[in-house]
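If you read the sequences in order, they're chains A and B. In this text, residue positions in the first sequence follow full-length UniProt numbering: the first is 1, and each later residue adds one. In this text, residue positions in the second sequence follow full-length UniProt numbering: the first is 1, and each later residue adds one. Think of the CB as a built atom: it goes at the ideal place given N, C-alpha and C, for glycine as much as any other residue.
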Amino acid sequence: MSDLKPRYDLAVIGAGPAGLAAATLAAQRGLSTVLLDEQRAPGGQIYRAVTQTPVKNPSVLGSDYWHGADLVGPFRDSGADYAPGSTVWSVSRSLDIGLSRDGAARVLPARHIILATGAIERPFPIPGWTLPGVMGAGAAQILLKTSGLVASGNVVLAGTGPLLWLLAWQYLRAGARIDVILDTTPRENWRQAMPHMGAFARSGYVAKGLKLLLEVRRKVKVIGNVTSLKAEGDGRVQSVLYRQGDGAEQRLPADTLLLHHGVIPNINLANATGCAQNWDEAQRCWVPTVDAWGATSVEGVSIAGDGAGIGGALAAEHRGRLAALDALHRLGVLDRATRDRDAAPHREALDKAQRGREFLDTLYSPAKDFRVPQDETIVCRCEEVTAKQVRDAVKLGVSGPNQTKSFLRCGMGPCQGRLCGPTVVEVIADARGVSPAEVGYYRLRPPVKPITLAELASLPKAEDEIAAVMHH
Amino acid sequence: MFQRLPNASGERVSFTIDGRAAEALSGDSVAAALIANGVQTCRATPVSGAPRAPYCMMGVCFDCLVTIDDVGNQQGCLVRVRPGMRVETQNGKREIER
Ligand code: FES
Numbered sequence: 001m002s003d004l005k006p007r008y009d010l011a012v013i014g015a016g017p018a019g020l021a022a023a024t025l026a027a028q029r030g031l032s033t034v035l036l037d038e039q040r041a042p043g044g045q046i047y048r049a050v051t052q053t054p055v056k057n058p059s060v061l062g063s064d065y066w067h068g069a070d071l072v073g074p075f076r077d078s079g080a081d082y083a084p085g086s087t088v089w090s091v092s093r094s095l096d097i098g099l100s101r102d103g104a105a106r107v108l109p110a111r112h113i114i115l116a117t118g119a120i121e122r123p124f125p126i127p128g129w130t131l132p133g134v135m136g137a138g139a140a141q142i143l144l145k146t147s148g149l150v151a152s153g154n155v156v157l158a159g160t161g162p163l164l165w166l167l168a169w170q171y172l173r174a175g176a177r178i179d180v181i182l183d184t185t186p187r188e189n190w191r192q193a194m195p196h197m198g199a200f201a202r203s204g205y206v207a208k209g210l211k212l213l214l215e216v217r218r219k220v221k222v223i224g225n226v227t228s229l230k231a232e233g234d235g236r237v238q239s240v241l242y243r244q245g246d247g248a249e250q251r252l253p254a255d256t257l258l259l260h261h262g263v264i265p266n267i268n269l270a271n272a273t274g275c276a277q278n279w280d281e282a283q284r285c286w287v288p289t290v291d292a293w294g295a296t297s298v299e300g301v302s303i304a305g306d307g308a309g310i311g312g313a314l315a316a317e318h319r320g321r322l323a324a325l326d327a328l329h330r331l332g333v334l335d336r337a338t339r340d341r342d343a344a345p346h347r348e349a350l351d352k353a354q355r356g357r358e359f360l361d362t363l364y365s366p367a368k369d370f371r372v373p374q375d376e377t378i379v380c381r382c383e384e385v386t387a388k389q390v391r392d393a394v395k396l397g398v399s400g401p402n403q404t405k406s407f408l409r410c411g412m413g414p415c416q417g418r419l420c421g422p423t424v425v426e427v428i429a430d431a432r433g434v435s436p437a438e439v440g441y442y443r444l445r446p447p448v449k450p451i452t453l454a455e456l457a458s459l460p461k462a463e464d465e466i467a468a469v470m471h472h
Numbered sequence: 001m002f003q004r005l006p007n008a009s010g011e012r013v014s015f016t017i018d019g020r021a022a023e024a025l026s027g028d029s030v031a032a033a034l035i036a037n038g039v040q041t042c043r044a045t046p047v048s049g050a051p052r053a054p055y056c057m058m059g060v061c062f063d064c065l066v067t068i069d070d071v072g073n074q075q076g077c078l079v080r081v082r083p084g085m086r087v088e089t090q091n092g093k094r095e096i097e098r
């Protein structure tokens, strides 16, 4: 890692739209800037592989995807350093970043840090979701973007949310076949979303979104009002069982089942850094608490993009620029008035990009039966803990997710609660009859990603400095 | 089951899966390369021995753990496939240290 400087004014973590835009602006304005990213190429998940996708026909992935190239170009010219393949496992309150790259670990100090860790798919726990052949719709989209791979055989999509429909549209464009889409959007969501229709209608997404929906519905059988889902198979998924409304259970053959239930902020790094967080009732997830610039409760640490609450890719780039301007101000490069003046166009663009968000949040809010799964469903994939075990623990007096860790090892596996935390919170809240806000979330500790002893041993730093990063 | 789009372009990479010769495209992650070669499971869980395959493809779920060039428990979706790479699925009881 000799290509990295010993320290930076600004370190940005995550090379999606927020991180790319933040690093570009900061470097253009003279900050020594590094962009650290776990992936091997820029773009984050939304613009994944935009510089090198094997899918050369531009109409398959769509023009919104190719916009990512407009962010990568200026970033490359900005003078910011770029460290792909870097896994960040710790950010301390003293602004030291613990990272691993090519099998070696190091500690990188910065004067300001912007976390742009983006979103993950909301866990969608149904019976059988751990079977091979069941994956996230987002995962299938990554396979399409990075490798030109599409599911074949009997393909079933199930769930709700814009990404599910976008993936279906991209599959059809690519010439792939989808047997059925099982739409789990609750009927009453339409009624609840209607008051937000006006703002959504003015958002500019409407025409595009409707066209996409109609195109998919013309070509694929869509079964609506799906109220239960189950994957079954011997060693891998072979069929999907579902119910429409209160109807009888139906069975479909499936070689691949792609699940989607919306996206939530990827909060692990912010949480382990000690950033305050709050429960977002509309988006039904925990989000780090930030101000209008993305600043967190930890001095010198900001969050930009979906990692601070889901706003979408376009909003993310504006949020990245706002966070970068605030970093310039905090580091003494811009006075307050200049920061505010320069931020004005980005704020206006952000407002425009976020218009209609309430409509989407309300319409695609997942049904309770899928957020609070039935007893036999595995909630924690790593430790294979079921919803029943969590409920039984509540009966024994467990009141929050941190206690389920010691009771059940739930959340102690390598994913560190990323795929069980949201469900465990919902199950406990439901069993106790309180809001998830009262239940809380896992208190996470660095390292937020497993690091090997060999990587640790490669740390060139003194032991007390390592200790500071690991147990602050 | 996944298949490559007929017009997917890219350089071919030769590597091995559990000792057998296999081919991938240069932009593939190890997890994508396994999927492209019809490998249905990457590992068995340490708790019950249940088979698992990549679920998230973005470094979140750890269901893609494989052994790469003799180093175990690598997240296959985060590592790019390289010529000559030796990938082994983890269907035994080797588990991630925790
Ligand atoms: S497939 Fe989820 S971590 Fe690799």
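A straight-line Cα-Cα distance of about 22 Å links residue 222 (chain A) and residue 1 (chain B). Residue pairing by DSSP puts residue 155 (chain A) in a beta bridge opposite A:256.
Every residue with a CB closer than 7 Å to a heavy atom of the ligand FES is listed here in chain order: A:139, B:31, B:54, B:55, B:56, B:57, B:58, B:59, B:60, B:61, B:62, B:63, B:64, B:75, B:76, B:77 and B:78.
The region 102 to 116 of chain A makes no contact with the region 399 to 415 of chain A, as fewer than three CB pairs between them are under 8 Å. Counting C-beta pairs closer than 8 Å gives three or more between the region 182 to 189 of chain A and the region 354 to 368 of chain A, which meets the contact rule. Cβ-Cβ distances below 8 Å link residue 196 (chain A) to 356, 358, 359 and 362 in the same chain, with the five nearest sequence neighbours on each side left out; the list follows chain order. For a cut-off of 8 Å, the C-beta gap from residue 172 (chain A) to residue 211 (chain A) is around 13 Å, too long to register as a contact.
Going by beta carbons, residue 158 (chain A) and residue 216 (chain A) fall outside the 8 Å limit.
Across the region 10 to 24 of chain B, CB contacts with chain A closer than 7 Å involve 10, in sequence order along the chain. Using a Cβ-Cβ cut-off of 8 Å, residue 60 (chain B) counts as an interface residue toward chain A, since at least one Cβ of chain A sits closer than that to its own. DSSP assignment within the region 115 to 164 of chain A yields the following whole alpha helix (DSSP H) runs of 4 residues or more, N-terminal first: 137 to 147. Listed by position along chain A, the residues whose Cβ is nearer than 9 Å to that of residue 32 (chain B) are 142, 143, 146, 147 and 149. DSSP places residue 14 (chain B) inside the beta strand (DSSP E), whose first and last residues are 12 to 17. For residue 48 (chain B), there is no enclosing beta strand (DSSP E), as DSSP gives it neither H nor E.
Taking 9 Å as the cut-off between beta carbons, the residues of the region 221 to 236 of chain A near chain B are 235 and 236, in sequence order.
Taking a beta-carbon distance threshold of 8 Å, residue 386 (chain A) does not count as an interface residue toward chain B. The three-state reading of DSSP puts residue 277 (chain A) in strand, counting E and B together. Contact between residue 231 (chain A) and residue 127 (chain A) holds, since their C-beta atoms are separated by about 7 Å, short of 8 Å.
Going by DSSP, residue 284 (chain A) is part of no beta strand (DSSP E) at all; its letter is neither H nor E. DSSP places residue 108 (chain A) in the strand class (E or B) of the three-state scheme. Spanning the alpha carbons of residue 316 (chain A) and residue 294 (chain A) requires a straight line of approximately 11 Å. Under the three-state reduction of DSSP, residue 418 (chain A) is assigned to coil, being neither helix nor strand. By the CB criterion at 8 Å, residue 256 (chain A) and residue 301 (chain A) fall outside the cutoff. Under the three-state reduction of DSSP, residue 72 (chain B) is assigned to strand. Counted as a single uninterrupted DSSP element, the alpha helix (DSSP H) harbouring residue 321 (chain A) occupies residues 313 to 330. Of all alpha-carbon atoms in A:41, A:323 and A:334, the one lying nearest the alpha-carbon of residue 79 (chain B) is that of A:41. In chain order, 241 and 243 place their CB closer than 6 Å to the CB of residue 249 (chain A), counting only its own chain and leaving out the 5 sequence neighbours on each side. Counting every other CB atom within 10 Å of its CB across the protein chains shown gives residue 398 (chain A) a total of 16 or more, marking it as buried. Within the region 41 to 52 of chain B, those residues whose Cβ lies closer than 7 Å to any Cβ of chain A are, in chain order, 41, 45, 47, 48, 50, 51 and 52.
When the Cα atoms are used, residue 109 (chain A) and residue 391 (chain A) turn out to be separated by approximately 43 Å.
Among the residues of the region 47 to 76 of chain A, those with a Cβ less than 9 Å away from any Cβ of chain B are 48, 49, 52, 53, 54, 55, 56, 57 and 60, in the order of the chain.
In this structure, the beta-carbon distance from residue 45 (chain B) to residue 384 (chain A) falls below 8 Å. Using a Cβ distance threshold of 8 Å, residue 151 (chain A) and residue 54 (chain B) do not count as a contacting pair. Residue 167 (chain A) and residue 30 (chain B) have their C-alpha atoms roughly 22 Å apart. Around the beta carbon of residue 67 (chain B), 16 or more other beta carbons lie within 10 angstroms, which makes this residue buried.
Beyond the five residues adjoining it in sequence on each side, residue 58 (chain A) comes within less than 7 Å, by CB distance, of 66 in the same chain, given in chain order.
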